[in-house]
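Worksheet: one structure, shown below.
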Amino acid sequence: MNYEETINYLFTFLPMFQRIGAAAYKADLSNTVALMEALDNPQNKFKSIHVAGTNGKGSTSHLLASLLREKGFKVGLHTSPHLKDFRERIRVNGVMVEKDWVVDFVEKNKSIIEEIQPSFFETAVAMAFKYFEEEKVDIAIIEVGMGGRLDSTNVLSPLLSVITNISFDHTQFLGKDLASIAGEKAGIIKDTTPVVIG
1138 MNYEETINYL FTFLPMFQRI GAAAYKADLS NTVALMEALD NPQNKFKSIH VAGTNGKGST
1198 SHLLASLLRE KGFKVGLHTS PHLKDFRERI RVNGVMVEKD WVVDFVEKNK SIIEEIQPSF
1258 FETAVAMAFK YFEEEKVDIA IIEVGMGGRL DSTNVLSPLL SVITNISFDH TQFLGKDLAS
1318 IAGEKAGIIK DTTPVVIG
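Residue 1138 is where the sequence shown starts when you use the working numbering, and the numbers rise one by one after that.
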């Protein structure tokens, strides 16, 4: 497959684009855990900062990546969604992952993907984590996709968790009130990990 065919495969085969609404929402991280285990747990092979919130999490992620890069670190950045090119989701030192790497990842792991049947987002997260492992980043800034507790990125053991402003979003999944939504986003907090909230 070339790059365009690979992206078309991701968009057409993976469940996110076959199931919408509540049917697409998963009640646990078992798919993500299985996918990470099949890839030899890349999330455990780089340092990370995990960023959740309703408003500002993308800007905060980009700002953190930029600051760390200016200090001389090799920095991975995973954000979503992308605007034009899937590769916007996965960057090292501001440079998007190469098209050939995306193609190779999917070709090497197609049997795993088809066996586990992860969602599009789960696959994109796994791809980012594997890329950051292979690139030997000093640290990666990982933006939560939705919520936090059940988000595919929540298999990390980060150095720091960040929760930005919380407001009403994805209420059909995260809850109808701010307390419920905050509880879901607080799901990225780990017992021994510092947290910045604001």
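Ideal Cβ placement from N, Cα and C applies to all residues, glycine included.
Give the single residue among the options whose Cα lies nearest to the Cα of residue i.
i	options	result
ALA1277	LYS1267, ASN1246, GLY1284 and MET1283	LYS1267
LYS1184	ALA1202, THR1169 and GLY1195	ALA1202
LEU1287	LYS1211, ILE1326 and GLU1251	ILE1326
ASP1177	LYS1322, SER1317, GLU1244 and ALA1263	ALA1263
SER1352	GLN1180, GLY1209 and SER1217	Residue 1352 lies beyond the residue range present for the chain, which begins at 1138 and ends at 1335; the question has no answer from this structure.
ASP1165	SER1294, ILE1227, THR1330 and GLY1324	GLY1324
SER1298	SER1196, LEU1172, GLY1231 and THR1330	THR1330
GLY1213	ILE1253, PRO1255, HIS1219 and ASP1275	ASP1275
ILE1227	GLU1244, PRO1255, LYS1221 and ALA1261	ALA1261
ASN1139	ASN1291, GLU1244 and ILE1303	GLU1244
ALA1265	GLN1254, GLY1282 and ILE1303	GLY1282
GLU1225	GLY1190, GLU1280 and PRO1255	GLU1280
Bridge partners for residue i per DSSP, in chain order?
i	result
VAL1292	Its beta-bridge partners do not exist; DSSP assigns none.
HIS1187	ILE1279 and SER1298
VAL1332	SER1298
GLY1213	VAL1229 and ALA1277
ASN1192	ASN1302
Within a Cβ cutoff of 7 Å, which residues of the same chain sit near residue i, ignoring the five residues on either side of it in sequence?
i	result
LYS1182	GLU1270
SER1106	The question about residue 1106 has no answer here: the residues shown for the chain are numbered 1138 through 1335.
ILE1303	GLY1190, THR1191, LEU1315, ILE1318, ALA1319 and LYS1322
Suppose you measure from the CA of residue i to the CA of residue j; what does that come to, to the nearest Å?
i	j	result
ALA1319	VAL1332	14 Å
GLN1155	GLY1209	Unreliable placement is indicated for GLN1155, whose pLDDT of 44 sits below 50; the coordinate value is still reported in the next sentence. Taking the straight line joining both Cα atoms gives about 42 Å.
PHE1242	LYS1194	27 Å
LEU1204	ALA1175	33 Å
ASN1192	LEU1293	21 Å
GLN1180	GLU1142	27 Å
ALA1171	ILE1253	7 Å
ARG1206	SER1317	35 Å
VAL1229	GLY1284	24 Å
ILE1300	HIS1187	8 Å
GLU1079	ASP1314	This structure cannot speak to residue 1079, because the chain is shown only from 1138 to 1335.
MET1233	LYS1221	12 Å
ALA1160	PRO1255	Annotation note: pLDDT 48 at ALA1160 (below 50); position unreliable, coordinate value reported separately. Going from the Cα of ALA1160 to the Cα of PRO1255 covers about 14 Å.
SER1167	ASN1291	11 Å
PRO1295	ASP1328	11 Å
HIS1215	ILE1334	20 Å
GLY1231	HIS1219	14 Å
So, at 6 Å on beta carbons, what are the nonlocal neighbours of residue i in its own chain, with the 5 sequence-adjacent residues on each side left out?
i	result
PHE1223	ILE1144
SER1289	THR1169, PHE1258, GLU1259 and VAL1262
GLY1158	Model confidence at GLY1158 stands at a pLDDT of 48, short of 50, so the residue's coordinates are unreliable; what they give is reported in the following sentence. Closer than 6 Å at Cβ, skipping near neighbours: no residue.
ALA1189	VAL1281, GLY1285, ILE1300, LYS1322 and ILE1325
Whose C-beta lies closer than 8 Å to the C-beta of residue i among residues of the same chain, with five residues either side of it excluded?
i	result
LYS1273	PHE1183 and LYS1211
MET1336	Residue numbering for the chain in the displayed model covers 1138 to 1335; residue 1336 lies beyond these limits and cannot be assessed.
Report task. Indicate whether the contact test is met: 3 or more Cβ pairs, each with one atom in the segment 1222-1238 and one in the segment 1246-1254, closer than 8 Å. Result -> Put simply, the segment 1222-1238 does not touch the segment 1246-1254. Fewer than three CB pairs are less than 8 Å apart.
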